[in-house]
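Encoded as C-alpha cells, the structure appears first; notes follow it.
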Amino acid sequence: MGQFTFHEAVTRAEPVNGAPINIDRRSLIKSGIAVSIIALWHTEPLGAKEVKMSENKKHGAVAGTLNADDVWAVSPALAQYTAGPLLDGVWKRPELTPRDRSVVTVAALIARIQLIEMPYHFALALDNGVKPGELSEIITHLAFYAGWANAMSAVAIAKDIFHRRGIGVDQLPPAKDKLLQLNEEAEKQRAAQVSNNFGAVSPGLVQKTTDLLFRDLWLRPALAPRDRSLVTVSALIANGQTAQITYHLGRAMDNGLTQEQASEVLTQIAFYAGWPCAFSALPVVKDVFEKRQK
Amino acid sequence: MGQFTFHEAVTRAEPVNGAPINIDRRSLIKSGIAVSIIALWHTEPLGAKEVKMSENKKHGAVAGTLNADDVWAVSPALAQYTAGPLLDGVWKRPELTPRDRSVVTVAALIARIQLIEMPYHFALALDNGVKPGELSEIITHLAFYAGWANAMSAVAIAKDIFHRRGIGVDQLPPAKDKLLQLNEEAEKQRAAQVSNNFGAVSPGLVQKTTDLLFRDLWLRPALAPRDRSLVTVSALIANGQTAQITYHLGRAMDNGLTQEQASEVLTQIAFYAGWPCAFSALPVVKDVFEKRQK
Amino acid sequence: MGQFTFHEAVTRAEPVNGAPINIDRRSLIKSGIAVSIIALWHTEPLGAKEVKMSENKKHGAVAGTLNADDVWAVSPALAQYTAGPLLDGVWKRPELTPRDRSVVTVAALIARIQLIEMPYHFALALDNGVKPGELSEIITHLAFYAGWANAMSAVAIAKDIFHRRGIGVDQLPPAKDKLLQLNEEAEKQRAAQVSNNFGAVSPGLVQKTTDLLFRDLWLRPALAPRDRSLVTVSALIANGQTAQITYHLGRAMDNGLTQEQASEVLTQIAFYAGWPCAFSALPVVKDVFEKRQK
Numbered sequence: 001m002g003q004f005t006f007h008e009a010v011t012r013a014e015p016v017n018g019a020p021i022n023i024d025r026r027s028l029i030k031s032g033i034a035v036s037i038i039a040l041w042h043t044e045p046l047g048a049k050e051v052k053m054s055e056n057k058k059h060g061a062v063a064g065t066l067n068a069d070d071v072w073a074v075s076p077a078l079a080q081y082t083a084g085p086l087l088d089g090v091w092k093r094p095e096l097t098p099r100d101r102s103v104v105t106v107a108a109l110i111a112r113i114q115l116i117e118m119p120y121h122f123a124l125a126l127d128n129g130v131k132p133g134e135l136s137e138i139i140t141h142l143a144f145y146a147g148w149a150n151a152m153s154a155v156a157i158a159k160d161i162f163h164r165r166g167i168g169v170d171q172l173p174p175a176k177d178k179l180l181q182l183n184e185e186a187e188k189q190r191a192a193q194v195s196n197n198f199g200a201v202s203p204g205l206v207q208k209t210t211d212l213l214f215r216d217l218w219l220r221p222a223l224a225p226r227d228r229s230l231v232t233v234s235a236l237i238a239n240g241q242t243a244q245i246t247y248h249l250g251r252a253m254d255n256g257l258t259q260e261q262a263s264e265v266l267t268q269i270a271f272y273a274g275w276p277c278a279f280s281a282l283p284v285v286k287d288v289f290e291k292r293q294k
Numbered sequence: 001m002g003q004f005t006f007h008e009a010v011t012r013a014e015p016v017n018g019a020p021i022n023i024d025r026r027s028l029i030k031s032g033i034a035v036s037i038i039a040l041w042h043t044e045p046l047g048a049k050e051v052k053m054s055e056n057k058k059h060g061a062v063a064g065t066l067n068a069d070d071v072w073a074v075s076p077a078l079a080q081y082t083a084g085p086l087l088d089g090v091w092k093r094p095e096l097t098p099r100d101r102s103v104v105t106v107a108a109l110i111a112r113i114q115l116i117e118m119p120y121h122f123a124l125a126l127d128n129g130v131k132p133g134e135l136s137e138i139i140t141h142l143a144f145y146a147g148w149a150n151a152m153s154a155v156a157i158a159k160d161i162f163h164r165r166g167i168g169v170d171q172l173p174p175a176k177d178k179l180l181q182l183n184e185e186a187e188k189q190r191a192a193q194v195s196n197n198f199g200a201v202s203p204g205l206v207q208k209t210t211d212l213l214f215r216d217l218w219l220r221p222a223l224a225p226r227d228r229s230l231v232t233v234s235a236l237i238a239n240g241q242t243a244q245i246t247y248h249l250g251r252a253m254d255n256g257l258t259q260e261q262a263s264e265v266l267t268q269i270a271f272y273a274g275w276p277c278a279f280s281a282l283p284v285v286k287d288v289f290e291k292r293q294k
Numbered sequence: 001m002g003q004f005t006f007h008e009a010v011t012r013a014e015p016v017n018g019a020p021i022n023i024d025r026r027s028l029i030k031s032g033i034a035v036s037i038i039a040l041w042h043t044e045p046l047g048a049k050e051v052k053m054s055e056n057k058k059h060g061a062v063a064g065t066l067n068a069d070d071v072w073a074v075s076p077a078l079a080q081y082t083a084g085p086l087l088d089g090v091w092k093r094p095e096l097t098p099r100d101r102s103v104v105t106v107a108a109l110i111a112r113i114q115l116i117e118m119p120y121h122f123a124l125a126l127d128n129g130v131k132p133g134e135l136s137e138i139i140t141h142l143a144f145y146a147g148w149a150n151a152m153s154a155v156a157i158a159k160d161i162f163h164r165r166g167i168g169v170d171q172l173p174p175a176k177d178k179l180l181q182l183n184e185e186a187e188k189q190r191a192a193q194v195s196n197n198f199g200a201v202s203p204g205l206v207q208k209t210t211d212l213l214f215r216d217l218w219l220r221p222a223l224a225p226r227d228r229s230l231v232t233v234s235a236l237i238a239n240g241q242t243a244q245i246t247y248h249l250g251r252a253m254d255n256g257l258t259q260e261q262a263s264e265v266l267t268q269i270a271f272y273a274g275w276p277c278a279f280s281a282l283p284v285v286k287d288v289f290e291k292r293q294k
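Top to bottom, those sequences are chains A, B and C.
Counting from 1, one number per residue, gives the positions in the first sequence under full-length UniProt numbering.
Counting from 1, one number per residue, gives the positions in the second sequence under full-length UniProt numbering.
Counting from 1, one number per residue, gives the positions in the third sequence under full-length UniProt numbering.
Right under this line is the structure:
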C-alpha cells in the first residue's frame, strides 16, 4: 500500500491505561499542541538536579534526554566514547575546572543551537557551580555573539529548568544593572580602531557595537569579564569565526584567562563543536600565544 | 483581543472521535511530555496576523511564541534588549524599510535554521509588505543558497501560516514561471569565468549552476532581482560565507541595492546572526564599496 | 532515587479537567503521534522501507515527512525542483552511485543538524545499500568531526528507524572492535607534523587526536577507510571548514576516492549544504587535484 495516513496511524494507537488515544493531526496542529522528539529534547536530564555527573552515568543518562540505552541502540561505540573518554576522561582533566568546562560547553551548544544536549548541560552547569544569574547572563551575551534566535532557543530550555528548580527572577540579574567601571582608555582605543576601519562602511553597526556591547553588555556585573570572555571565545571557536578570535582571545587573557586554560578550551570544545572547529582555531590561538610572549 | 492563551487554544480544539482534547500546558510540561519548545516553534506568533509589531510588543510577544514573560523568566536583560534596542530601535532606523529588514531577517533565520524565531518573523514579514508569493520564492531561493533542508524547515513553518491566513496556491508563483529576460552578455561572462576556473574541477556543479541558477531561478519573476540579491547577501553574511560576498554584493548593487542599504543590512544582521558574522563581513563589504567608487 | 522514568513522569501528570492524562512514551512513538513539526522531523518517510525512491515520489513524499502536497502548498517551484532536477536528475547521475550519494547526503545533514530531512535520508541510505552498521559508524564518526550533539541528534532519529526495521544491536559494530592495521609510518608522520605545529599550543587536543582519532576511530573496521574519508570530506564541505579540506581530501584519495567521485561530491552537496559551501570548497579541491597530478 505504501503510505498510511497520519489519521490511520493515530487511530491504530494501542490503548494506554484502557483508553485509546485518538488525536487528529490537524486539530493538534491547529491547537498548537506538538508532541514528540522534542519531547526528547525538552526534558531536563532526569534527576540531574539531585545527582552528580558520575551518578548520572551510573543511572545511564548520557546526553540530553537520550539515555545510554538509546545511544547504545544506535551506536555502542558512541555510548562507549561518551561514557569513557569524554565524561570520565576529558571532563576530569585538571587543566580546567568542571565549572569552566560547563561554561565552554554551554556556550558552544548555544552558539550552534545544539538543542538536544542543552537540557543536560544547562542542568550540569548549575550543578558545577554556574549560578543561575550567570547562566542567564551567558544566554544574553550570546544573543549578541551568536544571534538572537540562539539565545531565544536557550531561553526555551532554561525556562523549564529554572521553573523546576524554583529559580525565580529574584535570583537573576536585573534588566538594567549597575555597570562595572569602564576602562575608558582601552575602550577609546578599541572604538577608534574600529571606527577608522569601518565607520564609513557601516556606521550603524559601529555605533551599536560601542553603545550596546562595550559600554553596556560587557559591563554588566552578573558575569565576570573573564567568564564573559570565555563564553565569547568558546562561541567563536565553535562557530568557526576564526577572524574574530585574535581580538577576543587577547581580551580574554587580559581578563585573566591563563594560557593553560585557553589551551584546554580547545580540547573541551573539540568534542562539542567537532575537531575541525578546534583545528581551524589552532593557528590563530598559536599566533596569539606567541605574540603575548614577546 | 490580540492574543489568545494556550489554554484557550487547546480547549478550542475540535472534538476528535467525539471527545474534546483538553490538555493544560502546565501539566504537560510538568509531565515532561514535551509539548513545549516545539509547540513554541510551531505556532504562529499569537495574533500576529492582526497586530502590528508595536502592538505585538504591547501584548508581550517578543520572539517566536516565547512571550515576554518567558524571556523575562530567564533573562530580564534579554527581554529589555529585545523590546528596546532591537524592536524599538534598530527596526525603526530609516536606512532600511521594515519590509527590507524583514527580508534580511527571514533570510538570516532560514540560512541558519533558527526555527524558534521563524513563526514570528514570517508573519511579521507578511505584515511588513512581503507578499506570500515573495516569501514562497525566498524559501525556494534559499534551498539553493543555504541548503535543501533549510528551505524544507521553512516550508514546515510557512505552511501553517499560509493555511491560517487562507493563502492558497493561487497566490503563489507557479512551478514553471515565465522567466525574466536574461542579460546574455553578463551571463556569458560569468559562466566563462566560472568555467575557466572550475570547469575541470567539478563539471557537474558548474553545469547545474548555469542551468538551474542563472538561467532559471534568478530569472523567476516573483521576486525582484534586487530582493533576490538581498536574500542572497543576507544568507551569505549570516552563514559566514565571506568568500562568496564579493560577487553577490556587487551583483546586488548592480540590481539596485544602494550602498546605504547594504551598510544597514550589516546592522540588522548583527542581531539575528550575531556580531561575529557581521564583523567578519565588514572587510569584504568595505572592499566592494571602495572598488565600486573608483 | 536518581532517575525517574518517562512513564512515571507521565503518570504523575496532574488531572486536567478531571481526567488524568496517561500517555506512555513508547506507545506515542509506536503510534506515530508526535505531532507537529517535530512529528514532521521525527517519523520515518512513510513506507520508505518498502518503496524505492522513484516509488516514494509516486506516493508523494519528497523530504522528511513533509510530503509533496506540503511543499506544493508553500512553493510549487520548490516541489518541482525537488522532484525533477534533484531527485530525478542529480541523484541519477552516474558519476557517483546512489549509495555514495546517500553517504554524502547523510553526512551533510548530520554535520548541519538538518533534522527535517534526516528521517527520509537515513531510510533512503539503508535502501541504497548503506548497512545499518555503517550508518551507526557514520554517526559515531561525526561526533568527532561535527560535534557530539550532531551525533546525538542523529541518534534520536536513527533509533526509531532501527526500531521499526527490527535492526538490533547484533547488527551493529561493537563498542570495542578489532581494529584495522595501522600504517605506522604514515601515522608517525602525521602525528609529528601536528605535534611540531601545535603540540605546545594545545597538548590535550593533540594527544586526543592521536589516541582517539587516528589510533582508534579511523581504524574501526565497520566503515571502510574510503567511506570514512567520504563522510569526513562531506562534513567539512557542508560546514564550510575549508582549512581542513586539503588534508582530508588527500587522505580520501589515498583511501581510494577517485577524482571523478570527489568532483561529483561537490555537485551533490551543493543541493544539501547550499551552493556557497560548494563554491567555497572549489578552489581548495582544485588545488588538491592539481598537486596530485604533478
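Beta carbons: idealized from backbone N, C-alpha and C, even for Gly.
Inset, instruction - Decide if A192(C) is buried, meaning its Cβ has at least 16 other Cβ atoms within 10 Å, or exposed. - result: exposed
Legend entry - alpha helix (DSSP H) segment containing V201(B), residue limits: Neither: V201(B) is in no alpha helix (DSSP H) and is coded neither H nor E.
Inset, instruction - Go ahead and label K52(C) buried or exposed: buried means 16 or more other beta carbons lie within 10 angstroms of its beta carbon, across all protein chains shown. - result: Since pLDDT at K52(C) reaches only 34, below the 50 mark, its modelled position is unreliable, and no value is offered.
Legend entry - contact_flag[the segment 253-269 of chain A, the segment 232-244 of chain A] where n(CB pairs < 8 Å) is 3 or more: yes
Inset, instruction - Could you have a look at L212(B) and say whether DSSP puts it in helix, strand or coil? - result: The answer is helix: DSSP assigns L212(B) an H, G or I state.
Inset, instruction - Can you pull the chain B residues whose beta carbon is under 8 Å from the beta carbon of T258(C), in chain order? - result: Those do not exist, as T258(C) stays about 13 Å from chain B at its closest Cβ, beyond 8 Å.
Legend entry - chain A within 8 Å of K294(C), Cβ atoms only: no
Legend entry - Through-space distance from L249(C) to residue 305(C), alpha-carbon basis: Outside the displayed range of chain C (1 to 294) lies residue 305(C), so it cannot be described from this structure.
Legend entry - Whole-angstrom distance between L142(C) and S102(B), CA atom to CA atom: 35 Å
Legend entry - Residue of T140(A), Y247(A), S75(A) and V194(A) minimising C-alpha distance to W148(C): S75(A)
Legend entry - is_contact[T140(A), chain B] using C-beta, thresh 8 Å: Yes, contact with chain B.
Legend entry - Residue-level contact to chain C via CB, P119(A), 8 Å cutoff: no
Inset, instruction - Express the C-alpha separation of A77(C) and G89(C) in angstroms, rounding to a whole number. - result: Pairing G89(C) with A77(C), the inter-Cα distance amounts to about 16 Å.
Legend entry - Whole runs of the alpha helix (DSSP H) within the UniProt domain "Carboxymuconolactone decarboxylase-like" (203-287) of chain C, excluding any shorter than 4 residues: 203-208, 225-238, 245-254 and 259-273
Inset, instruction - Closer than 7 Å by C-beta to S229(A): which residues in its own chain qualify, once you throw out the five before and the five after it? Chain order, please. - result: H248, R251, A252, N255 and L257
Legend entry - Nearest residue (CA-CA) to L124(B), options R165(B), L212(B) and A243(B): R165(B)
Inset, instruction - Would you tell me roughly how many angstroms separate the C-alpha atoms of T210(A) and N197(C), rounded to the nearest one? - result: 37 Å
Legend entry - Interface positions of the segment 168-180 of chain A facing chain B (Cβ-Cβ less than 9 Å), listed along the chain: Here the close residues are G168, V169, L172, P173, P174, A175, K176 and D177.
Inset, instruction - Taking D70(B) as the query, report the chain A residues whose CB atoms sit under 7 Å from its CB, ordered along the chain. - result: V155 and K159
Legend entry - Beta-carbon gap between L179(B) and L135(B) smaller than 8 Å: Cβ atoms of L179(B) and L135(B): not closer than 8 Å.
Inset, instruction - Taking R101(A) as the query, report the chain B residues whose CB atoms sit under 7 Å from its CB, ordered along the chain. - result: Taking a Cβ-Cβ cut-off of 7 Å, R101(A) has no neighbours in chain B, whose nearest Cβ is about 22 Å from it.
Legend entry - Neighbour flag for I245(B) against chain A, beta carbons, 8 Å: no
Legend entry - Partner residues on chain C for Y145(A), Cβ-Cβ distance less than 9 Å: Ordered by position in chain C, no residue passes the 9 Å Cβ test against Y145(A), which lies about 18 Å from the chain.
Legend entry - Close-in-space but distant-in-sequence residues of the same chain around I110(C) (CB under 8 Å, 5 per side omitted): M118, I138, I139, L142, A146, N150, A151, S153, A154 and A235
Inset, instruction - Examine chain C for any beta-carbon lying closer than 8 Å to the beta-carbon of S234(B), and answer yes or no. - result: Not a single CB atom of chain C sits nearer than 8 Å to the CB of S234(B).
Inset, instruction - Give the residues from the segment 77-94 of chain C that approach chain B closer than 8 Å (Cβ to any Cβ), ordered along the chain. - result: Taken in chain order, the members of the segment 77-94 of chain C whose beta-carbon sits within less than 8 Å of a beta-carbon on chain B are A77, L78, A79, Q80, Y81, T82, P85, L86, V90 and R93.
Legend entry - Partners in chain C for W218(B), counting only beta-carbon separations shorter than 7 Å: The premise fails here: W218(B) is roughly 12 Å from chain C at the closest Cβ pair, so nothing lies under 7 Å.
Inset, instruction - Please state if the CB of R99(A) and the CB of V130(A) are separated by a distance shorter than 8 Å. - result: The beta carbons of V130(A) and R99(A) sit closer together than 8 Å.
Legend entry - Beta-carbon spacing of V206(B), K286(C) below 8 Å: No.
Legend entry - Among L126(A), E187(A), I116(A) and I245(A), nearest to A156(A) - alpha-carbon criterion: I116(A)
Inset, instruction - Taking 8 Å as the cut-off, decide whether the C-beta atoms of K176(C) and A73(A) are in contact. - result: no
Legend entry - Start and end residues, alpha helix (DSSP H) containing P119(A): M118 to D127
Inset, instruction - Assign P94(A) to buried or exposed, taking buried as 16 or more other Cβ atoms, counted over all protein chains shown, within 10 Å of its Cβ. - result: exposed
Inset, instruction - Return the residue from the list P225(B), A278(B) and A270(B) that minimises the CA-CA distance to Q181(B). - result: P225(B)
Legend entry - Alpha-carbon to alpha-carbon, H163(C) and I33(C): Only weak support exists for where I33(C) lies, its pLDDT of 24 falling under 50; the coordinates are left without a value.
Legend entry - Residue-level contact to chain C via CB, I113(B), 8 Å cutoff: yes
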